[in-house]
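In the UniProt record's numbering, the protein residues as written are 1 to 576.
The beta carbon of each residue, even a glycine, is placed where N, CA and C say it ideally should be.
Since the structure is predicted, the reported quantities are computational estimates derived from the model, not experimental observations.
Here the structure comes first, spelled out in structure tokens, and everything after it is commentary.
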């Protein structure tokens, strides 16, 4: 048994005669790849002839060679893509690249191949399995339109039919129009090739594609996209059962995997045993069937995700428009069915979109709550004591509440700093009088000799408010505190010749040298003419009081407590 095929495509015609059909040549080239495939069509390459844009003689010669010299079990297949014509008597013709018309628009018959010549060649052939595929219309030849039928019936069966023969046509004369020029393949041939190549046309799943299965598949697919186009099958006795192609094992297993998928593109657990039977039947090794399963599932999962995305986009539009789901329920359900989604899928998508909207507003808080809720639902509430679970839930909610309401403000940490002491204002007052009394380092005695105390032992300024008792010395359980170090006092004036007295005893003029005295309260007086007010300092505060114009008197409490060789902070002398 041998297989022979002749594929004819006519895309070019004389100007003004017939419209060009660019897809015709593409059709025969694409079909050649399928028929010559060893695992699909099984036609030997040498037995497949392609004929592009032939004239009348070339076409008739090739057809005669196709059917001549065949054995009864041989399969002969004639495929034609181009214009089909009929004359005023209803006889059918195949247009060639030379087909012309008379000036009155009638067909010039000698330039086209009559169907009767094809029928004669088939009748003389010994082949008992003959298949004719005509991807064309058979329009009445009129001056203005060769693609639209005049409405009369076509006797395809009478002019081409016979025993052991099957004739497939893309459409009847009144129901067909060729594809647009920008299409690579004509619609009919496109579905023929797809049904054979993918094995989708193998309706009974026996691994063989028959003429009848090819027709049924193409008819079903075309009806979905072009209802006005009506493919037809004219089978002779046994013609519909002629085997045209076979389905490769990989394609058959891919179809089995497709049937085993759920709506999300995952292989159903219950279908795994059936797939194992297919693997054993087809003899597929692990690497082969694993690759097939991955390809099929990835393709369907991608398609499912695209459907989910479309439905999710619709849900977002409803939410953004502020509409109620109840008002949109009918249209949403219709949209769901169009996408092939289940009610569970739709509800899951709606919940996810809601979560996304909430996360956009609450962010990490909602994320924490979702995680906590999942843990509680999946484990805590089922395994742990319910009381413990409730406590955990309350703790989680409290954590979220504290997270929301906690708003640290480092910028306010310095608000409670103490205000400047009264000494600042006192210093300002003293500066207005242009004289300062301060304790400094190193000390000198009443005679002007310097003390041996180190500079590091100089006490800092005492800024305690007026009336504050002297600070207590730091006590230690292990040893008594050291005796207080002498205090140092400096009295300066911006005018020379002033006289300074401490507790009524003159100590000399104002100057840079300090006076060393034991710790305790003292009255410091500066004799100076031209001033009417002085200031008294008692303890660590300054108190203004009246004094004769010739002198100013200040009372200063000197408290000095040495600790580890250094004066305690806050107990140092204060400028007067």
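Take residue i and list the residues in its own chain whose beta-carbon comes closer than 7 Å to its own, dropping the five residues that flank it on each side.
| i | result |
| --- | --- |
| residue 335 | 311 and 314 |
| residue 508 | 500 |
| residue 15 | none |
| residue 35 | 5, 41, 43 and 48 |
| residue 284 | 249 and 253 |
| residue 271 | 260 |
| residue 32 | 7, 48 and 50 |
| residue 60 | 113 and 117 |
| residue 415 | Annotation note: pLDDT 44 at residue 415 (below 50); position unreliable, coordinate value reported separately. Counting only Cβ-Cβ distances below 7 Å, and skipping sequence neighbours, we find nothing. |
| residue 344 | none |
Only counting the same chain, and skipping five residues up and downstream in sequence, which positions put a Cβ closer than 6 Å to that of residue i?
| i | result |
| --- | --- |
| residue 278 | 253 and 256 |
| residue 245 | 40, 41, 196 and 209 |
| residue 163 | 236 and 237 |
| residue 26 | 184 and 185 |
| residue 503 | 522 and 523 |
| residue 49 | 6 |
| residue 346 | 336 |
| residue 328 | 318 |
Just mark residue i as buried or exposed, buried being the case when its beta carbon has 16 or more other beta carbons within 10 Å.
| i | result |
| --- | --- |
| residue 239 | buried |
| residue 223 | exposed |
| residue 325 | exposed |
| residue 298 | exposed |
| residue 322 | exposed |
| residue 1 | exposed |
| residue 225 | exposed |
| residue 83 | buried |
| residue 86 | buried |
| residue 510 | buried |
| residue 129 | buried |
| residue 525 | buried |
| residue 517 | buried |
| residue 351 | exposed |
| residue 218 | buried |
| residue 18 | buried |
| residue 498 | buried |
| residue 398 | exposed |
Hey, residue i and residue j: beta-carbon distance below 8 Å or not?
| i | j | result |
| --- | --- | --- |
| residue 193 | residue 209 | no |
| residue 154 | residue 78 | no |
| residue 293 | residue 267 | yes |
| residue 300 | residue 340 | no |
| residue 115 | residue 99 | no |
| residue 22 | residue 13 | no |
| residue 166 | residue 211 | yes |
| residue 96 | residue 10 | yes |
| residue 188 | residue 227 | no |
| residue 121 | residue 214 | no |
| residue 304 | residue 274 | no |
| residue 107 | residue 101 | yes |
| residue 281 | residue 250 | no |
| residue 8 | residue 54 | yes |
| residue 191 | residue 157 | no |
| residue 296 | residue 342 | no |
| residue 131 | residue 242 | yes |
| residue 81 | residue 171 | no |
Using a Cβ-Cβ cut-off of 8 Å (strictly less than) and excluding sequence neighbours within five positions of residue i, which residues of its own chain qualify?
| i | result |
| --- | --- |
| residue 216 | 201 and 203 |
| residue 353 | 312, 315, 316 and 319 |
| residue 248 | 39, 40 and 199 |
| residue 70 | 2, 4, 76, 125, 126 and 127 |
| residue 123 | 162 |
| residue 506 | 499 and 500 |
Quick test of your reading: residue i and residue j, contact by CB under 8 Å. State the CB separation rounded to the nearest angstrom.
| i | j | result |
| --- | --- | --- |
| residue 233 | residue 168 | 6 Å |
| residue 66 | residue 58 | The pair is not a contact, with the Cβ atoms about 13 Å apart (cut-off 8 Å). |
| residue 368 | residue 394 | Incorrect: roughly 14 Å between the Cβ atoms, too far for contact. |
| residue 349 | residue 308 | 6 Å |
Uninterrupted beta strand (DSSP E) stretches inside the segment 180-220 (no shorter than 3 residues)
You should have 208-210.
Taking only runs that begin and end inside the segment 106-132, name each unbroken beta strand (DSSP E) of 3 or more residues, in chain order.
Within the segment 106-132, the complete beta strand (DSSP E) runs of at least 3 residues are 112-114.
Please go through the segment 51-116 and give each complete beta strand (DSSP E) segment of 3 or more residues, from N-terminal end onward.
75-81, 84-86, 92-95 and 112-114
As an exercise, report each continuous beta strand (DSSP E) stretch of at least 3 residues that is fully enclosed by the segment 241-283, in chain order.
243-246
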